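Number 1214 in full-length UniProt numbering belongs to position 1214 of the sequence shown; there are no gaps in the numbering. Report on one structure; see the data block that follows.
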Amino acid sequence: MEEADLAQFNLSIVLPLQNTSKKSQQSPKVIEIMTLPKETCLDLAQAVHESAEGYNVGAFSFRDVDFENGKEVPSKDRLGDNVEVAKVLEKQKSEDKKLFVVLEDYTDIDLRHHIIRFREAAVGPSTDTSNLGIESGLSVIDYVQPPSAQEEASLDLKDDHPFRQFDVSAPRALSKHLPKERNKELQQSVRAFSLSHWNPPPPQCRLKGHVLYLQLTTLEGEILHITATKKGFHVNKCTSSQFDGSLKPANEVTGGVSHSHSLFDLTSKLSNLYNTKFTPIFSDTLSLARDPFAIVQIPQALPAHPWLVGRPQHLPDGLRTQSAYLLTGSTALEGLEGARDWNDELQTTKESTVNTYHDRITREKLLQKLYADFSLAAVRGVIAVSRGEVPPHHQDENVFVHANIVYTLVDDAKAASREITYHRFLNTIDAPGLNVLASITVDYAGKRWLAQSIIPGLLKKQEREAKGEEVKTDTNKVVYGIDEVNGKGTKEIKYDKTFAELLEPVSRALRFANKKVKVDGEEVEFSTNLKGLIGGDGRRYIIEPSRMACADLAWKDGKLSVDSLDENVVKKDAPAYPYPAVLRQEAIEAYSEYELRKRSRDAVERARNEGIEKGVFPKPTEKQETNSEEESKEDVVPPPSSADIEKAINEGKISVPQIGTLTFNPDIDTDENDESIKAIKNASAYITETLIPLLVLDVVHGNNIPADGSALTSAMHQKGVNMRYLGAIVEAANQHRNKKSILGPAFGVIDCFKGIVKQEMILRSAKHILRTYMKGTDFTVLQSLISHFLNCLLGSSINADPKAESPKDDFGEDILTGDVEWFNLTPSSLRQKIQEEVAIRFRYSLEDQDFENLRKSQMLRELALRVGFQLELRDYRFDDVVANTVEEVTLDNNASKKALKKAKAAAQAQNRALSGLDRSTTFAPSDVLEIVPLVKDSAPRSTICDDAFEHGRLAFQTGAAGFINPEGQQQSIAQNREAGLDLMYEGVSLFEQIYTPLHADVAKAFNGYVVSKHQMIRSTSKEETDVEAHEQCLKLQRNAVIIAERTLGVDHYETLSFVQNLAHLEISAGHIHSSLKYFRYAIDIWQSIYGSDHPEIIQIYSSVGNIFQQARRFEESLKMYEIAKELAFKIYGVYSFFGATMLLRVAEQHVCVNQLKLKPAINACKEAVKGYEEAVGKESQEYKDATAFLNQLTAAAVHIARVNSDPVQQNARKVVEARMKEAEKQKKNDEIKKGTTNGKKSNVANTTTNNISQDDVDAMVRCKSESSTFAATTNSLDSH
């Protein structure tokens, strides 16, 4: 990696003055950006358009700095798009690097893109044709705390804080899952915007530079006809019936301006309401209502689809049906551009020359953009195919070809998923000369589609072969691997030397074993699991990569315990698994690492023994037990060290130890004594013997407690454990239930974990059943099918026997004809089906209690997200407990009694409808609003981003990176940590460049960098003074939350984790109110979706209690710590580390609330001492500190009792209390006179009213100062 290429620098981009109004700008706007030397002007142009200052700029060019009369002016020579920034700026002598933006004439393509950007921004995402679902890419954090809210750093907390009426036991309403007022700013910027019916321009106007005619209706109701020309935009004289594209005089136009280079600026002069609704969104003033990241289009990632959405309002949008003409300018089919050749684009990009570091960045950027474009095109193609808009490809009804993408309806969903997984592995390996097809799977309406780019000539060859024609060609045929001749089952081994050389990096990376076979009389090494062909373009393609998977022999042979199925079930008669059981590549890597480490240790031991036998090393002294303390240590001969062994090997005194090779052969039908087959058996056994116990132990020790099924799936896959082992995980968890960790007994954590695992088994089985029903169902029936299925699964407590609603068409006729299985589905029959699926897929037997313990809100959410449907935002009643859904209604007091009565009745009806009390079932067909696609792509991760970021992260964590300072000396640990942090920031910048800012990986990079940056600030004791660093952390973390909301989901577990980190940063900056808002938002989501007894929520309540403590609101702090304590008792037990820590904090708050009544504090502290003794022992510092605090509390209580028994002290206390009451009364009077009272009580009065004398105050102050060490000690709970 070239250091010069990574050196970022600040660049100022000066925007042009736009004299479109009577009051022109006094000074130009300047954009400050961080850029790399190798970035081009084209990269900078994109940054300008994505900025809050330059979003409205039209066509422009960059100019270097020149001087005229001593002033900086833009030069006359424009910079080309591909000119590197460094080559231009190196000529500038000033340290402040600067470029000018100069407006240019539009080209046709620039003009069309400018109009599209205006339409996307002003009309809003609700009418965007690229949206694949309702409210896709939604962000709501701006409604929790607007970005315009500038809070001063203060510990003063108002009474109307977010936890003012907090009730931990109250159910959370799903109807309040999303803010009620969302996306209103963008939807109302203009009333209508479309292409005019006067398009295309007539020849004589085309010669004048007219390109397009637009029609804009402002929010004021004025209809404007606008001409788009090479020079910009102007209001013309057209009407709906008469054409005149010439410029309309300025005095006849609202605002006095009729032309502008930018359509954004022209509209802002023509409509005041546009300025009110739209312009503040991108404004850099304090009136900012939405963050730009929350509203711009996502350019290079598929947006997240919320599972709960509002019922969309269908608004008129003329551009919905005019997009083709706007993009291409064509009015006829033959004039449209042809479909992109995805395969050629992909292979050509991969084959591009990479000589420099910048070339590598450019290549990865292009690849990620290409993969994203292909995914979007493939998803739209799947939707078109599913709706019957594309005919099948010849005789095969399951194969379709559309826009140079082939779509295959797959029967084996697991095989298609493996196909994508190994395509991703091949793309990551990126073997030179070896080509891989662009591939994704799309789940839509219960069906799984495999979409792939097309190998040139392959489809035509298959078509001719299907007709019985004999095709003689040297291309598009298998040249390496086992090929079925003419599809008749006859297998033939094909071998190509060139292909074998190209496949060598793949075999080496995936540890495949080669098999010696004879081909044409010559013995060659052959990989039976790899298959390749030469395409019509002469490129060599690897196909059917799912053949690379190694079989899971332990599962296949039925060696797993199935005791949980039934007492009468024999292991050999266990239900057959419906899919081929294969190992994950992560499991193979984990076993390989374990086995090679073991072999390395054995090899070192053999070398050590060989050296001792040959006399190279002295014989070490054997360990003997002796009571003699006078034995000299000089007589003890230690065993030879690794350095001694290495030296002896290099000198040739002992032989080089061999560890052998470890390879795996997916072809399990070969010799069982083959070492590569044994390796597969050992890897299979390694899952159940090691990986699953390690996964459970992580849970026991609190290292990885998943929030939901998605988090569980991610954790299992990282370990290399397949989802079919969920039943085995429950069995392993049962074995660890009685174990104990430093956190406490494991029973609570294990029970929580088992609940998540069992729910995941039920969810996956229910998903399979529902998708099976959907697969053979027409779109018009899906609403009834999904709602009835949900009623049977989740609504049986409201209606034990729900009836399916027969769907009807617009003429009132029944759509369903004949008998369908799902129509007669009942809760009991569905439960039986799920139990059968769980027994087959996971070899586990569910009990009835497992269904009763379901978290129904979480089950509904995950089923919607994984099947792919969106429900209306409302409350869904799962039991008789009704959440508070009452909406505040504003009534006009001046209205008549009849109007008031009518308004109240309407409000009550609305609230009743939201609560679902008017329904006989939980779900209705009308609740299902949309079917959305689910995508799994084969795009690899960018290794250049990961390498830079991970290297910086490790350097920051360890402080050892080998950085060299300018003097050529090794840097210190602190300097290495700072250098590591800088390298992490460079990695973040690379993530933004390659993925574009709106990408999930960018959000994770932001979060990782901010966490490390904040740790650095706190470790260097600059937390209070480094305001600029705090502001940078807050900005980046807020961006991370917004990006995660839009790409992962507003209630995704990682998104909520980012929100919690943002709340911690806010309190570090002294923004108490903002921090409490974020924590309240996180708690509401956690309790409504993930449950109120998850271990993660303990930390949230503890953090909130800490905030109230800092604000000296001790009663609220005590309430939060009490909630955290009860949860800690429930999950970890009373005498656990968590329980003891919460008890100690409760004791501290009791002291702060009432310093005279110390009995509650003493009792809590006694329990904390017992908890620490049980959890970490009497020798631990936590136990010693808690004991010392208990002794101080006891001594203080004795002193208070002695004072209370003294008559003199009693009289003194009465005098003090009277004086304090008088002082408080006088203070309130003074506040009223000054007009500053806000109705809140003094915090000082709350904490000192019950004090007897200054001696007692001083005694308690000493107790609190000595107990401050406990607050520092227990802070480890928050950071855990």
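By construction, the Cβ of each residue, glycine as well, lies at the ideal position given by its N, Cα and C atoms. Keep in mind the model is a prediction, meaning the values are calculated, not measured.
Beta-carbon to beta-carbon, valine 1050 and valine 140 are separated by about 5 Å, close enough to satisfy the 8 Å threshold.
In terms of CA proximity to isoleucine 994, Tyr371 leads the group Leu195, Gly1133, Tyr371.
In the three-state reduction of the DSSP assignment, arginine 119 falls in the helix class. Straight through space, the alpha carbons of tyrosine 591 and valine 604 are spaced by roughly 20 Å. Residue range 585-613 is occupied by the alpha helix (DSSP H) that includes aspartate 602. Residues of the same chain with a CB within less than 8 Å of the CB of histidine 423, apart from the 5 flanking positions on each side, are Val436, Leu437, Ser439, Pro545, Ser938 in chain order.
Taking every protein chain shown into account, the CB of asparagine 1106 has 16 or more other CB atoms within 10 angstroms, so this residue is buried.
In the structure shown, the three-state DSSP call for lysine 230 is coil. Assigned with DSSP and collapsed to three states, histidine 402 falls in strand. Taking every protein chain shown into account, the CB of glutamine 92 has fewer than 16 other CB atoms within 10 angstroms, so this residue is exposed. Non-local C-beta neighbours of arginine 360 in its own chain, meaning closer than 8 Å and more than five positions away in sequence, comprise Val354, Ile944, ordered along the chain.
Between lysine 248 and cysteine 238, the alpha-carbon positions lie close to 9 Å from each other. Arginine 1202 and glutamine 1155 have their C-alpha atoms some 15 Å from each other. Separation of arginine 953 and arginine 977 (C-alpha to C-alpha, rounded to the nearest whole angstrom) is 9 Å. Per DSSP, the continuous beta strand (DSSP E) segment holding lysine 516 begins and ends at 515-519. By the Cβ test, the region 812-821 is not in contact with the region 848-861, since fewer than three Cβ pairs between them sit closer than 8 Å. Residues of the same chain with a CB within less than 7 Å of the CB of leucine 983, apart from the 5 flanking positions on each side, are Ala948, His951, Gly952, Ala955 in chain order. Taking a cut-off of 8 Å for Cβ pairs, the region 732-740 and the region 1078-1085 do not touch, as fewer than three such pairs fall below it. The region 692-705 makes no contact with the region 657-676: fewer than 3 CB pairs, one atom from each, lie closer than 8 Å.
Three or more Cβ pairs closer than 8 Å define a contact, and the region 76-86 meets that threshold against the region 37-51.
In terms of Cβ geometry, lysine 515 and glutamate 525 form a close pair [threshold 9 Å]. When the five nearest sequence neighbours on each side are left out, the beta carbons in the same chain lying within less than 7 Å of the beta carbon of glycine 133 are those of His305, Gln870, Glu930, Val932, in order along the chain.
Per DSSP, proline 74 lies in no alpha helix (DSSP H) segment; the continuous beta strand (DSSP E) that holds it begins and ends at 71-79. For arginine 508, the enclosing alpha helix (DSSP H) starts and ends at 504-510. Per DSSP, the continuous beta strand (DSSP E) segment holding histidine 210 begins and ends at 210-217.
Threonine 772 and glycine 446 have their C-alpha atoms spaced approximately 7 Å apart. In the assembly as shown, valine 57 is a buried residue. Its beta-carbon has 16 or more other beta-carbons within 10 Å. Around the C-beta of glutamate 32, fewer than 16 other C-beta atoms lie within 10 Å, and the residue is accordingly described as exposed.
At least 9 Å separates the beta-carbon of phenylalanine 243 from that of phenylalanine 118. The residue among Leu157, Leu103, Pro580, Thr958 with its C-alpha nearest the C-alpha of arginine 1112 is Leu157. Leucine 794 sits close to leucine 854, with the two beta carbons spaced by under 9 Å. Contact between tyrosine 1121 and methionine 1142 holds: their C-beta atoms lie close to 6 Å from each other, under 8 Å. In this chain, the beta strand (DSSP E) harbouring valine 65 covers 60-68. Annotation: the continuous beta strand (DSSP E) that includes serine 12 extends over 9-14. Taking a C-beta distance under 9 Å as the contact criterion, phenylalanine 1006 and alanine 1040 qualify as a contact pair. At the C-beta level, leucine 111 and valine 211 come within 9 Å of one another.
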